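The listed protein sequences derive, respectively, from chains A, B, C and D.
Going left to right, the first sequence walks through residues 1 to 296 as the numbering used here numbers them.
Going left to right, the second sequence walks through residues 297 to 592 as the numbering used here numbers them.
Going left to right, the third sequence walks through residues 593 to 888 as the numbering used here numbers them.
Going left to right, the fourth sequence walks through residues 889 to 1184 as the numbering used here numbers them.
Beta carbons: idealized from backbone N, C-alpha and C, even for Gly.
Because the structure is a prediction, the values reported are computed rather than measured.
4 protein chains.
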Amino acid sequence: MSKLCTGVFAPITTTFDDDGALNLNALKENVKKYAASPIHGYLALGSNGENKALTWEEKIETARVIIENKAPEQIVMAGSIFESTVETIAFAKEMEKLGADYITLLSPCYFKSMMKDEVLIRYFTDVASAVDTPCMLYNAPQFCGGITLSLKVIQECAKHPNIVGIKDSSTGNVEKIALSVPADFQVLSGSANTFLSCLLTGGIGGVISLANSVPEVVCRLYDYFVRGELGKAAALNREVIKANMGVSGKYGVAGVKYAMDRSGYFGGAPRLPLFPIPEEGKQAVDACLDSVDFSL
Amino acid sequence: MSKLCTGVFAPITTTFDDDGALNLNALKENVKKYAASPIHGYLALGSNGENKALTWEEKIETARVIIENKAPEQIVMAGSIFESTVETIAFAKEMEKLGADYITLLSPCYFKSMMKDEVLIRYFTDVASAVDTPCMLYNAPQFCGGITLSLKVIQECAKHPNIVGIKDSSTGNVEKIALSVPADFQVLSGSANTFLSCLLTGGIGGVISLANSVPEVVCRLYDYFVRGELGKAAALNREVIKANMGVSGKYGVAGVKYAMDRSGYFGGAPRLPLFPIPEEGKQAVDACLDSVDFSL
Amino acid sequence: MSKLCTGVFAPITTTFDDDGALNLNALKENVKKYAASPIHGYLALGSNGENKALTWEEKIETARVIIENKAPEQIVMAGSIFESTVETIAFAKEMEKLGADYITLLSPCYFKSMMKDEVLIRYFTDVASAVDTPCMLYNAPQFCGGITLSLKVIQECAKHPNIVGIKDSSTGNVEKIALSVPADFQVLSGSANTFLSCLLTGGIGGVISLANSVPEVVCRLYDYFVRGELGKAAALNREVIKANMGVSGKYGVAGVKYAMDRSGYFGGAPRLPLFPIPEEGKQAVDACLDSVDFSL
Amino acid sequence: MSKLCTGVFAPITTTFDDDGALNLNALKENVKKYAASPIHGYLALGSNGENKALTWEEKIETARVIIENKAPEQIVMAGSIFESTVETIAFAKEMEKLGADYITLLSPCYFKSMMKDEVLIRYFTDVASAVDTPCMLYNAPQFCGGITLSLKVIQECAKHPNIVGIKDSSTGNVEKIALSVPADFQVLSGSANTFLSCLLTGGIGGVISLANSVPEVVCRLYDYFVRGELGKAAALNREVIKANMGVSGKYGVAGVKYAMDRSGYFGGAPRLPLFPIPEEGKQAVDACLDSVDFSL
């Protein structure tokens, strides 16, 4: 594995026209801007990417646009998120062909009561064994029926040579995970709320939805940490969490996209059944983002 | 709408070879046997059908085999279960082309925290408005992140001319639903555990996983009810619930398929990540089914 | 054990003045009326009895009034619901001294994550071994942090000579329990929603909150069942569930008490923090109870 | 209010003999040692204090021993945790008489479905209005049926002149709370896992179960933070979280007590139904605590 998955990643949104049609030109423009920004990479086809709202072909085209337009040194993690092992592997191979640096894997959950530790370990290792691209676990109980990866699952998967890290978007776990895995297992936070805490306990980066709208702010926070300026990091972190609460916390993908619109990116609306942000939501996001101090 | 969705339905399993390949010949043989059985119809591409483990094309081929080989009077409900409105509609139209009698719709759940009542109502009615085939809601919190359809959602959807019923696979709700909807809104139980109770409170049928292995038993139970022989119905119902607890309750799809193998159907294994039933599971299912009295 | 715990039980409410003071005279008057009604007994100090809102002394006085004023043949189950084994035993002995026929035991739950099966089995059997009065389990996850008694816990407890039954107020379990325990283990439903279904699968009675306001209706339903008039039972059952949804389902103890006020009993308000039923709640309960047909 | 609730607090355990009898002498000896330690105060009758396992009288005697034997400058928060408003107030007044500095209030939860925001706000403000001692909210969904205090409840309660802070023992909330309340509303972490993160986002202290066994370590961590030595704080914090995971995280109160035994305090066993720590648990705690580096 050549590139370490460290720094700030944008869980890049997928761009749609108002009628719900995929707009790859808008995506391309967004990526070009991110390519000139300080972010270290992207999570393509993640939750903010509305992975589950895309057809197989749309997913591939979306990943292709991101990979072809990013800056050369930027890293791309690509989600392969399906309910069956066979389909997860097949899609992971598509991402491998496109040149993704990492494959991100979420727990299947349709048959939640059957997803015992040994089933999940088998699933993740089956996929990781079938591809050459290194795999990252994705712990996000809010998106998979409440399934939280146990430390046992994570530690067992960490023994697999091709499972090299985890992105944790749950609450209250990232510190425990970072303190329970081998030193070379890469732990990333999946939320601004836990980003600094993750770094302070051994994590090496974060996939932060605010990086979609204010990439330079999240990167500055990361740089403060790297340089050991922890007082500055803590001060900016407070503003970043407040912003995150008001944007992603309240309005989800629709809020993230509206914040992008505010920052000169193409945000637009999510695909149905997700509703676009309502007028009062825009005002609330405006009020929130106008009140935080990103200059710290 | 010509045919009423009444009686006993098999949530038909999808047949795979041991290497996970779709085996449509085996499915065809199963359907031919069911066509000669007393069941009133099928739920194709439901949970026991491992809907989420199939590719788009596999789903279509599976539904086609069922529709082409069923008995003429048998009804086919087909699941169109996706996370985006656009994909749900597109697949529902495929099912409509094939001649499905009903489309079954499950709540999206990836962004669970966003699935407020008004979002779900919009989702179900958007889909129902886009097709001519009548639609059935599918209430199954165990398969969609814990989302239980509220009575408000059900009652609002019941006002849509093309949403004509509900299959309820939750616990503790089917009686309340049956007693809260208009008389012509068709309520079906989705579990042997609640089948008789559903019928006694106004429901008109059931989608019962045991009908995959012992269709004549479940149909006899239904017939007792229809003829008002409630004492006989209650006696047989006890055996049916005991069987269901030991088969589907403990081992899920793998148990349902093993019970099919026992009855001369092609059961086989589910697709990974679901594990096949272990040896001790087979023995437990054997012991359970040998102990119940289906002759009542 | 002399008396079988069969038939219809009122989970009798505890009576308070408007300022929250315990009103034992009102309770006495209520019990005298119930003594002249067809109900087979009482659950004293249960959930509708606001057990947790009473001091130790108030609990004893409440149970005393019920036991001293009931009809001689009526049975009294008394809740001994505490978090520590020692306190549960001490209170159970107080109930024994007063002459309670059964002690009802709910799972402790403060340290929910510690309440493994073996801990619960130890708890229930420790209490049952410490008293002579027969004990009933009380399965009510909605009142104890979501802890549902597993079939293993129930079956192990059923082996104890002094644990003789269970009152199940959960959803979707009473039929499974009734079909999984020895024939002499007494299974009672704890909700009108599952009462008839419980009886049809092997249960012998119910603790039904509507019996607080319309005891004769619930007893008639039970009598239909006992006489094998299942069609009549099913018809009345539909009305009973509809009434229960509108009264207890929507407004809890406050609704149960308002329905008592309507029927000539002393209902009054629950103790804070529970709010009294609001005006629109009274109107909704009125509308519900005026619409059901209890004459069936 | 004279004393600010800042620094490190021990959620002091309650001491029992092996037969479960309250051992106040052992408690007195523990408190005398804590009085000579650097901790800033105590939470008496909290979760680690097994509040719910004590009778009314035992609670009072326990609080009395703590208050009478602490160092003069140490602060005592005392839990008044009951299901009814009237009992919570009555006990809070007992604590006030004894001289507690703060009263700690947990959400009632028996009737969880009724505990809407307005009910909880009424509950907390009713209690706070009835006493002169300042009150702290206690947010601990794991101990009250999953009820998490909403930001709305916290913000409304913060307007009450006698509700002055919150102890948050949930996961993923303390940072959001600290960033959402007025500057003079005192936010304390209730877990080592979130202690440093809480301080970095505006909190002023923590109630940390490890302070029962290694008070000087937790206080050193706090001092690093206060002096702005954030690198040192982060390094020690990693060891503290690892220790907490192995002690409290795995074995709860029994683990906390065993760690106390190891450190020369009287730990002993919790009261039934809680089991004492098993032999392999002792070994696991030993291994954990032997592996962490508290010298940082």
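Host alpha helix (DSSP H) of residue i (start-end)
{"i": "D:Thr976", "result": "Thr973 to Leu986"}
{"i": "D:Ala1121", "result": "Leu1118 to Asn1132"}
{"i": "D:Ala966", "result": "Unbroken run through D:Ala966 is the beta strand (DSSP E), Ile963 to Gly967; no alpha helix (DSSP H)."}
{"i": "A:Arg109", "result": "A small correction: the amino acid at residue 109 of chain A is Cys; Arg does not occupy that position in the sequence shown. Looking at the DSSP string, A:Cys109 is not in any alpha helix (DSSP H), and its letter there is neither H nor E."}
{"i": "B:Asp582", "result": "Glu575 to Ser587"}
{"i": "A:Thr62", "result": "Trp56 to Asn69"}
{"i": "B:Phe491", "result": "Ala488 to Leu496"}
{"i": "D:Ile1042", "result": "Leu1039 to Ala1046"}
{"i": "A:Glu50", "result": "Per DSSP, A:Glu50 belongs to no alpha helix (DSSP H) and is neither H nor E."}
{"i": "A:Leu210", "result": "It is not in any alpha helix (DSSP H) - A:Leu210 carries neither H nor E in the DSSP assignment."}
{"i": "D:Ala914", "result": "Leu912 to Ala923"}
Nearest-angstrom Cβ-Cβ length linking residue i and residue j, presumed shorter than 8 Å
{"i": "B:Glu371", "j": "B:Gly337", "result": "According to the sequence displayed, residue 371 of chain B carries Ile and not Glu. Yes, B:Ile371 and B:Gly337 are in contact; Cβ-Cβ is about 3 Å, under 8 Å."}
{"i": "B:Thr497", "j": "B:Asn469", "result": "Their Cβ separation, rounded to whole angstroms, is 11 Å, which puts B:Thr497 and B:Asn469 out of contact at 8 Å."}
{"i": "C:Val773", "j": "C:Ile746", "result": "6 Å"}
{"i": "B:Val536", "j": "B:Val513", "result": "7 Å"}
{"i": "B:Val549", "j": "B:Pro566", "result": "5 Å"}
{"i": "B:Glu383", "j": "A:Thr55", "result": "6 Å"}
{"i": "B:Asp464", "j": "B:Asn435", "result": "5 Å"}
{"i": "D:Leu1160", "j": "C:Asp718", "result": "7 Å"}
{"i": "C:Ala670", "j": "C:Ala636", "result": "5 Å"}
As assigned by DSSP and simplified to three states, the class of residue i
{"i": "A:Thr104", "result": "strand"}
{"i": "A:Ile163", "result": "strand"}
{"i": "B:Ala437", "result": "The residue you asked about is not Ala; residue 437 of chain B is Pro in the sequence shown. Correct three-state label for B:Pro437: helix."}
{"i": "B:Tyr561", "result": "coil"}
{"i": "B:Met297", "result": "At B:Met297 the pLDDT is 49, less than 50, meaning the model places this residue with poor confidence; the figure from the coordinates comes in the next sentence. Residue state, collapsed to three classes: coil."}
{"i": "C:Ala636", "result": "strand"}
{"i": "C:Asp760", "result": "strand"}
{"i": "B:Leu475", "result": "coil"}
{"i": "A:Leu296", "result": "coil"}
{"i": "D:Leu1162", "result": "coil"}
N-terminal and C-terminal residue of the beta strand (DSSP E) that residue i is part of
{"i": "B:Pro511", "result": "B:Pro511 -> not in any beta strand (DSSP E); alpha helix (DSSP H) instead, spanning Pro511 to Val522."}
{"i": "D:Phe1012", "result": "Note, D:Phe1012: premise wrong, no beta strand (DSSP E); alpha helix (DSSP H) at Asp1005 to Ala1018."}
{"i": "C:Val799", "result": "Gly797 to Val799"}
{"i": "C:Phe601", "result": "Gly599 to Pro603"}
{"i": "C:Ser781", "result": "Gln778 to Ser781"}
Under 8 Å (Cβ pairs) to chain C, residues found in the segment 480-510 of chain B
Asn489, Thr490, Leu492, Ser493, Leu496, Thr497 and Gly498
I want to know whether the segment 131-149 of chain A touches the segment 79-96 of chain A - three or more CB-CB distances under 8 Å.
yes
Using 8 Å as the Cβ pair cut-off and three pairs as the minimum, do the segment 109-124 of chain A and the segment 52-67 of chain A touch?
no
Are the segment 751-758 of chain C and the segment 476-493 of chain B touching by the rule of at least three beta carbon pairs closer than 8 Å?
no
Under 8 Å, with one C-beta from each stretch per pair, do the segment 570-581 of chain B and the segment 539-554 of chain B reach the 3-pair mark?
yes
Decide if the segment 657-665 of chain C is in contact with the segment 606-625 of chain C; the criterion is three or more beta carbon pairs, one per stretch, under 8 Å apart.
yes
Interfacial residues, the segment 1108-1119 of chain D to chain A, with Cβ spacing under 7 Å:
Gly1116, Leu1118 and Gly1119
Closer than 7 Å, Cβ to Cβ, to anything on chain D: give me those residues from the segment 145-175 of chain A, in chain order.
Thr171, Gly172 and Glu175
Of the residues that make up the segment 380-412 of chain B, which ones have a beta carbon closer than 8 Å to any beta carbon in chain A?
Ser380, Thr381, Val382, Glu383, Pro404, Cys405, Tyr406, Phe407, Lys408, Ser409, Met410 and Met411
With 9 Å as the C-beta to C-beta threshold (strictly closer), list the residues of the segment 348-361 of chain B near chain A in chain order.
Lys348, Ala349, Leu350, Thr351 and Trp352
Name, going along the chain, the residues of the segment 272-293 of chain A whose beta-carbon falls closer than 9 Å to a beta-carbon of chain B.
Leu272, Pro273, Leu274 and Phe275
What are the residues of the segment 128-143 of chain A that lie near chain B, defined by any Cβ-Cβ distance shorter than 9 Å?
Gln142 and Phe143
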